[in-house]
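Trainee:
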Amino acid sequence: MKILFMGTPDFALESLKSIYEAGHEIIAVVTNPDRPKGRGMKMVASPVKEYAIQKNIKVYQPEKVKKNEAFIEEIKSLNPELICVVAYGKILPKNILDIPKYGSVNVHGSLLPKYRGAAPIQWSVLNGDKVTGVTTMYMDIGMDEGDIILKREVEIGDDETTGELWNRLSKLGGELLVETIKKIEDGTAPRVKQGEDYSMAPMLDKEMAKIDWENKSAAEIKNLVRGLNPIMGAYTFYEGKKIKFWKVETYTDDQIINMFPELEEFKDRFLDLPEGTILFSDSKTGLYIKAKDGNIKVIEIQGENAKRMSSEEFLRGNSLVAGLYFE
């Protein structure tokens, strides 16, 4: 089948690889323009563009697609039979979606209709979901509102981060796209209406990354840390310095008291400690913090203007005083 592929990040790359290796004719790739990145602000191509160049596939990088008549005419001239869209990053108008005779399909990183929007994988982790998956669907002008073709479900690990789940779902998405294209070719692809019972997954913002010790439970803090790893990291402040947490574990009050018998004598006082209080902090024991409805142990941490490291390594060179608390 003659396919026009539209996508940008590594999540999209896995789908492009899958359909290329399945033997489909990729007539062109559309991806976002190169962007400056890193301290040197060097212009960097998207993973999709890099792969397309390796395979001698024609690449288009329009700044905009809506009302871009020259680009739309160029796509029409390619005469694609199917457009495959995976994490492209731009909303496509109807006059592009309707070009191919088999329509346009999308790979989405959730079990639609749950988590329509830009960040479905991140929100599944942030919300502590136990199950997620990928969906292929026919595209229309609404945000992830098209008819569902296929779904595939996976469990989310208790400690799995957004980055780890992203990698798993990207490969799964590639497999499902190949299966979807085969069903479209065979004329056996289903069309299932989504209905109105849906939830949204909006873009993440930096404000949500600050840990709210007073109002968020230990489990919610763990989900925040997992959900923002490796995107931006959940952060807190200690004596005015910003500290990021990249991996944590949760413990109940009883578990902490069993682990540290010396707390038994001060059990009532321990239970009444304010959230964010540092319980233990040394390179042998590790870093334990009181939280709402539980406690957390920090496994991986990053100090201000420093690199990520284990909490034990961090505490060999930095002092976090037990009894004080994170802001």
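Here the numbering used here is used: the first residue of the sequence shown is 1101, the next is one more, and so on.
In this text, a Cβ means the ideal position worked out from N, Cα and C, and glycines have one as well.
#1: How is the alpha helix (DSSP H) around Asp1244 delimited, first residue to last?
#2: What does DSSP give as the partner residue(s) for Tyr1160 in the beta ladder?
#3: For the stretch 1308-1316 against the stretch 1238-1256, are there 3 or more C-beta pairs whose distance is under 8 Å?
#4: Checking the sheet assignment: what are the DSSP bridge partners for Ala1391?
#5: Are the stretch 1419-1426 and the stretch 1375-1389 touching by the rule of at least three beta carbon pairs closer than 8 Å?
#6: Between the Cα of Ala1301 and the Cα atoms of His1208, Asp1286 and Lys1176, which residue gives the shortest distance?
#7: By the 10 Å Cβ neighbour count, where 16 or more other Cβ atoms means buried, how is Arg1326 classified, buried or exposed?
#8: Who are the near neighbours of Lys1166 in its chain, counting only those whose CB is closer than 7 Å to its CB and skipping five residues on each side?
#9: Could you give the DSSP three-state label for Val1278: helix, strand or coil?
#10: For Asn1329, which three-state DSSP category applies?
#11: Could you please give the first and the last residue of the uninterrupted beta strand (DSSP E) stretch that includes Met1359?
#12: What residue range is occupied by the uninterrupted beta strand (DSSP E) comprising Asp1110?
#13: Taking all protein chains shown into account, do 16 or more other C-beta atoms lie within 10 angstroms of the C-beta of Ala1334, making it buried, or fewer, making it exposed?
Mentor: Let's see:
#1: Looking up residue 1244 in the sequence shown gives position 144. Careful: Asp1244 lies outside any alpha helix (DSSP H) and carries neither H nor E.
#2: Reading the sequence shown from its first residue, position 60 is the one you call residue 1160. Val1130.
#3: no
#4: Within the sequence shown, numbered from 1, the residue matching residue 1391 stands at position 291. BP columns for Ala1391 point to Gly1394.
#5: yes
#6: Stepping through the sequence shown from its first residue, residue 1301 is reached at position 201. When only C-alpha atoms are compared, the closest one is His1208.
#7: Position 226 of the sequence shown, counting from 1, holds the residue named residue 1326. Buried, since its Cβ has 16 or more Cβ neighbours within 10 Å.
#8: As a first step, residue 1166 is located in the sequence shown; it is residue number 66 there, counting from the start. Cβ within range, chain order: Pro1193.
#9: Looking up residue 1278 in the sequence shown gives position 178. If DSSP states are grouped into helix, strand and coil, Val1278 belongs with the helices.
#10: To locate residue 1329, count along the sequence shown from 1; it is residue 229. DSSP places Asn1329 in coil when its eight states are reduced to three.
#11: For this step, residue 1359 is matched to residue 259 along the sequence shown. Premise fails: Met1359 lies in the alpha helix (DSSP H), Asp1353 to Met1359, not in any beta strand (DSSP E).
#12: The residue you call residue 1110 lines up with position 10 of the sequence shown. Element bounds for Asp1110: not the beta strand (DSSP E) but the alpha helix (DSSP H), Asp1110 to Glu1121.
#13: The residue given as residue 1334 occupies position 234 in the sequence shown. Ala1334 comes out buried.
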